[in-house]
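In UniProt numbering, the protein residues as written are 1 to 176.
Encoded structure:
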């Protein structure tokens with residue numbers, strides 16, 4: 001629906017309903033994944049409504065997180081190619097670059113999504129090194145969930161030697 005429908009006709013109610021589907025069990029997420037939800041969800045990241053953007057990046061995070069939990073952390077995320085092929089890395093990165101206090105949680109989730117996507121894979125684009133910087137800053141977040149997720153994501157990124165060097169710049173110790 002999201003992929004083919006005019007962006008102006010997609011409402012917060014639509015994105016909220018999809019988000020609720022991603023808050024279910026692994027079997028449901030597996031079914032969602034078979035339908036390749038990324039092109040439609042990525043389209044929603046360009047929406048004018050901040051709520052739609054928030055629910056879309058959270059849906060992407062939920063799908064990536066469950067696949068990350070089910071796969072070996074020593075391998076590239078199983079959805080890397082699927083997201084990369086539809087320009088998803090660049091689109092999610094554009095959310096990380098959005099400004100404004102109301103976008104903070106979306107930026108955080110975008111950074112964590114990208115961290116999952118690049119699990120055990122080098123972030124070779126110099127401009128995207130800010131992903132690592134942003135995730136490192138989340139280690140000191142007051143929210144326990146954010147802090148713990150950032151630790152998990154940093155450990156996945158650090159499996160790549162180049163990323164590990166970037167993470168450890170300035171004497172940063174990767175938390176376990």
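By construction, the Cβ of each residue, glycine as well, lies at the ideal position given by its N, Cα and C atoms.
The segment 135–147 contacting the segment 90–99, beta-carbon criterion three pairs below 8 Å: no
What residue from 164, 36, 6 has the CA that sits closest to residue 84's CA? 36
From residue 5 to residue 43, what does the alpha carbon distance come to, in whole angstroms? 10 Å
Nonlocal neighbours in the same chain, by C-beta distance under 6 Å from residue 162, ignoring five residues either side: 122
Can you tell me which of the three DSSP states residue 142 falls into? coil
Please return the same chain residues whose Cβ sits closer than 7 Å to the Cβ of residue 66, not counting the five positions on each side in sequence. 26, 29
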